[in-house]
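See structure below.
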Amino acid sequence: MAGGHVEGRVGGVGHLVVHGHSPVHRLAPEAKVVATFAFVICVALTPREQIWAFGVHAAVAISIVALAGVPTRVLLARLAVIIPFLTFAVLVPFVAGGEEVDVLGVGLSRDGLWGAWNVAAKASIGATASIILSATTSVPEILKALTRLRVPRVLVSIMSFMMRYLDLLVDQLGRMRTSMTARCHDPRWLWQAKPIASSAGALFVRSYERGERVHQAMLSRGFSGTMPDTEERATPGADWARAALPPVVALAALLSAVVL
Amino acid sequence: MSCTTIEVSDLRFTYPGSHHHVLDGLSASIAEGERVALLGPNGSGKTTFVLHLNGLLTLQFGSIRIGDLEMGEENLPEIRRRVGAVFQDADDQLFMQSVREDVAFGPANLGVPRAELDAVVERALGQVGAEALIDRTPHHLSGGEKRRVAIATVLAMDPHALVLDEPTSGLDPVGRRELAELLAGLPQTQLVVTHDLPFALQTCPRSMIVSGGRVVADGSTREILSNAELLAANRLELPYGFDVSSL
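Note that the protein sequences, when read in sequence, are chains A and B.
Quick note on the working numbering: the first sequence kicks off at 1 and runs consecutively.
Quick note on the working numbering: the second sequence kicks off at 1 and runs consecutively.
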């Protein structure tokens, strides 16, 4: 019962960081969080017809990937999360209505093509930005950054507990599945899903009980309803300035795209 | 200094919705600096007793005194500072993102200024020999490391007494021996709740057996463990091949 079982397990949120000492890694986390958010907003607002503006956004993102030293292989593997969106984007030109254009003998919707391009470009550039953030900033750092950015403490605490216990939960689920497999459970069809549903229930109850025990452990160390602030450190002005660079370039591209 | 003694008298407790007395007239007295093992089978009320000592369960009947303080709402913060509870599953106790934050949690709640926190954390980790773990993530530690850090989280609150619930569960033999050495080196009054009888013999000169929610035996650990009838009557058993008289 005592948690000797989790060591050696690889995976989970703790392993997103690509270790390095690049200027991107060294930036204050709160500056990175704000910069990423601002950059993604600029990308999302860029009109889809201004292809060159997306070129600028992509160039900014790719140069930061290079600066941070995130390997291309890692970047591409993590970009896989947007595949469902891309699949959807590919379908759009076939199903959308309106004026048709002839592409390699197939009549595709012009509006649909723009829609597909819009989704593909924004999703891949946006995802790249968040991959850079998660690859250069550990989860605890991001959580501390949110606290410093005055995100309500309760929300940050909830996220923090979720991150802390997610690995444990996944581990517990893994052990339950192992024990099912060991007893020849080999689900292939929907009607064989009952044990999985009941293990989800068991997991819920266990998590609830753990929640109670953690709360008791917190009370016994003087918890009175608010998480103590154990660290306060001013964000260096230079970090804000450096982190502002990518969103400022993206904003310039956005504004020119809108005006021109 | 009388403030570290623990005096428990006629403790009775029933969980809501049940008629079973988990604690049924439990009385005990532990003097300053003593290391006492609390032995008992599963379901004998040991953990319920531990939760009482930290004010985590509301007193229903009886009294608890920690030094000169009577257990009650108004004394809770100070009692929780004085009595450091180390729970059975270290994953319940280590809930922050880093060992440093976890050890700082208690003292920060007590109002230790931020400038002094680092020193408090380092001192507490130093006491358990875990300085090197300070920037690690708790869930990536080994069982033994987790146990040490869990003890450091309460030592950081400068407690007078430690209450450890099944401290050896999940530890390998080396981790177990290191824990015994660590406990022997700490000056605090200690109550070690366990059914690991050799561990009790190794760390605690005195033992109490709890059964049916009350103390049924109290004496030197060696004598209690030598009394096979007493152990058998309380569903306790020495490991195969273990002979107290040979030690």
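Here a beta-carbon is modelled for each residue, glycine too, at the ideal position from N, C-alpha and C.
The structure displayed is predicted, hence computed values, not measured ones.
Within the same chain, Arg-12, Gly-212, Gly-213, Arg-214 come within 7 Å of Asp-24/B by CB-CB distance, once the 5 residues on both sides are set aside. Per DSSP, the continuous alpha helix (DSSP H) segment holding Met-180/A begins and ends at 153-182.
At a Cβ-Cβ threshold of 9 Å, Gly-126/B and Met-157/B do not count as neighbours.
Among the bridge pairs identified by DSSP, Glu-7/B is matched with Ser-29/B, Arg-65/B.
With contacts defined by Cβ atoms closer than 9 Å, Leu-179/B and Lys-146/B do not form a contacting pair.
Where Glu-223/B is concerned, the enclosing alpha helix (DSSP H) starts and stops at 221-226. Closest in C-alpha terms to Lys-194/A, from the list Val-95/A, Met-180/A, Ile-51/A, Gln-50/A, comes Met-180/A. Annotated as distal: Asn-227/B and Leu-39/B, with beta-carbon spacing of 9 Å or more. The continuous beta strand (DSSP E) containing Val-163/B extends over residues 161-165.
Counting C-beta atoms within 10 angstroms of its own C-beta, Ser-98/B has 16 or more neighbours from the protein chains shown and is therefore classed as buried. By the Cβ neighbour-count rule, Ala-44/A is exposed, with fewer than 16 other Cβ atoms within 10 Å of its own. Spatial neighbours of Leu-169/A in its own chain (CB-CB distance under 8 Å, excluding positions within 5 residues in sequence) are listed in chain order as Leu-203, Ser-207.
Listed as beta-bridge partners of Arg-12/B by DSSP are Asp-24/B, Phe-61/B.
In this structure, the CA atom of Glu-49/A is about 12 Å from the CA atom of Leu-254/A. Within chain B, the residues Pro-77, Asn-109 have their CB atoms less than 9 Å from the CB of Ser-224/A, given in chain order. For Ile-66/B, the CB contacts under 7 Å within the same chain, skipping 5 residues up- and downstream, are Ile-6, Ile-79, Arg-82, Val-83 in chain order. For the segment 181-214 of chain A, the beta-carbon criterion of a distance under 7 Å to any beta-carbon of chain B is satisfied by Arg-210, Arg-213, Val-214. Its chain contains Gly-55 as the residues whose beta carbon lies nearer than 6 Å to that of Leu-76/B, once the 5 sequence neighbours on both sides are disregarded; these appear in chain order. DSSP, reduced to helix, strand and coil, places Ile-132/A within a helical segment of the structure shown. Interface residue (Cβ-Cβ distance to chain B less than 9 Å): Arg-221/A is classified as such. Under the 9 Å criterion on CB atoms, Ser-160/A is classed as interfacial with respect to chain B. For Thr-153/B, no beta strand (DSSP E) run applies; the uninterrupted alpha helix (DSSP H) run containing it begins and ends at 143-155, by DSSP. For Ala-58/A, the enclosing alpha helix (DSSP H) begins and ends at 51-68. Within the same chain, Ala-53, Ala-257, Val-258 come within 8 Å of Pro-47/A by CB-CB distance, once the 5 residues on both sides are set aside. Taken in chain order, the complete beta strand (DSSP E) segments of 3 residues or longer contained in the segment 68-123 of chain A are 100-103, 106-109. Taking C-alpha positions only, Asp-111/A is separated from Gly-105/A by approximately 18 Å. In this structure the segment 66-80 of chain A lies against the segment 117-129 of chain A, because at least three pairs of beta carbons, one per stretch, are closer than 8 Å.
Within chain B, the residues Gln-97 have their CB atoms less than 7 Å from the CB of Leu-143/A, given in chain order. Distance check between Ser-22/A and each of Ile-51/A, Pro-93/A, Leu-143/A, Ala-66/A places Ala-66/A closest, using alpha-carbon atoms only. For the set Gly-143/B, Gly-170/B, Leu-182/B, the Cα lying nearest the Cα of Leu-162/B is the one of Leu-182/B.
Residue-level contact by beta carbon fails for Arg-48/A and chain B, as no gap is shorter than 9 Å. Between the C-alpha atoms of Val-120/B and Met-227/A there is a straight-line separation of about 18 Å. Put simply, the CB of Asp-239/A is far from chain B, with every gap to its CB atoms at 9 Å or more. Taking C-beta atoms as the reference points, Val-149/B and Ala-108/B fail to come closer than 9 Å.
By the Cβ rule, the segment 189-206 of chain B counts as touching the segment 27-44 of chain B, because three or more pairs are nearer than 8 Å.
Counting other Cβ atoms within 10 Å of its Cβ, Thr-58/B stays below 16 and is therefore classed as exposed.
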